[in-house]
Structures are given as structure tokens and as C-alpha cells.
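First comes the structure, then the notes that go with it.
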Amino acid sequence: MKEVAWIFGNSASGKETFVKKITEGGEYEGVLQSLDWVGKTIMAAQSSLAFIGQYDGDPVTEHREGILTEVPCILRHADVALVKWQGVDSGTLRVERLRAALPDARHRIIQLVTPDEELAERLPLKDWWNENDDIPEFIAEEHTHIDNCIAALKGYFPITRLSGSTIADYAILRSYT
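Right under this line is the structure:
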């Protein structure tokens, strides 16, 4: 069965790194096995990696609509399509719309959970980071937003939480539907 996996997580949690590492192959047999992806062709939705909003209302996010046409094309050639999530995808119901457009595919959410201390180290390295922002407050607000977005999808998408810590090699923290 074809599969679409949305990669959720805080800013700087390692979503893009996860997508690239999994699609480029390498030393991730454990996570591939736990996600039932061993021997499967896995490709990334490039529009989900290329069109990242840098601020509220960023017009570049309009290009993320391309995810809806790109993923079906990917699934013609691959078993699994990985999509890097952004909050705007939930705000536009893009996650749900893609699921409706591909009813015969399996759809799931993979949430990267990265310790707040690591997020606090990574955020200031982002080119969009505003040094005047309060890091703990920013992280807390994102946790709440992501929790709300995932809660709206519970029951419709299986959810797998993986560690996004640099020392955990994407260990499974929890899976549920």
C-alpha cells in the first residue's frame, strides 16, 4: 500500500534533516524497520522542503499548494512520500485535503519530539530567527500549536512520535491512532 507521511515538529526539531536522511538512505535501518519502510522506495515532496514560510502571512507558503499535486506524482514511482509539515498546512486543511485526494493510500503523522534544550540551541542558528524573541516562550507556543493541530487529526491519522534528539537516532517514543 502506498503511504503519505507528514513530518510534524517544532521549528528546529529536525524535520527537514529527518526527511533528507531517510530519503538519502544510510544508517537508519532501525527506524525504517519500526515504520515498516524496509525495502520501500521513499521520496520527499520537494515543495514541502522548498517553500517554507519565514513569518506570518509569508506569500511563499501559497506555493505549498503544490504538495497536493506533487505527492500523487511521487506515489506513482515510490512507496512512501514524506511531507515536511508547517503550521500553514493545518491552517489550510492541506493535510486533510491530501488524505481525501488519495483515499487508497495510508496516511500517517510522524512527530519529531526534540528536547527543549536542543531546540533552544538550534533556533538562534536559523536565518529567520529574531534575536529579540524569547526562546522558552516561542517553544512553548509552538508546542501548544502543534498539539492542537495533531489533536484535530487524531482518529483519522495514526501518529508515531520519534525522538528528534541528535543522540537518539529517531527512536520511537510512542505510536497511537
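Residue numbers for the sequence shown follow the working numbering, so the first one is 1 and each next one is one higher. The beta-carbon is built from N, C-alpha and C at its ideal position, and this holds for glycine as well.
Handout entry: Cβ-Cβ distance between residue 164 and residue 13 below 8 angstroms
Key = yes
Practice task
Just mark residue 63 as buried or exposed, buried being the case when its beta carbon has 16 or more other beta carbons within 10 Å.
Solution key: exposed
Problem - Contact belief for residue 109 with residue 162 at Cβ below 8 angstroms, rounded distance in angstroms - result: The Cβ separation is near 11 angstroms, so there is no contact.
Problem - Beta-carbon proximity list for residue 175, same chain, < 8 angstroms, skipping 5 on both sides - result: 158, 159, 160, 161
Problem - Segment contact, 8 angstroms Cβ cut-off, at least three pairs: the region 73-90 with the region 42-59 - result: yes
Handout entry: Cβ-based burial, residue 211 [other Cβ within 10 Å; buried from 16]
Key = Because the chain in this structure spans residues 1 to 177, residue 211 falls outside the shown range and cannot be described.
Handout entry: Rounded distance between the beta-carbons of residue 61 and residue 88, thought under 8 angstroms
Key = 5 angstroms
Handout entry: Rounded straight-line distance, which links the Cα of residue 133 to that of residue 217
Key = No answer is possible for residue 217: it lies beyond the span of the chain, which begins at 1 and ends at 177.
Practice task
With DSSP as the reference, label residue 172 as helix, strand or coil.
Solution key: strand
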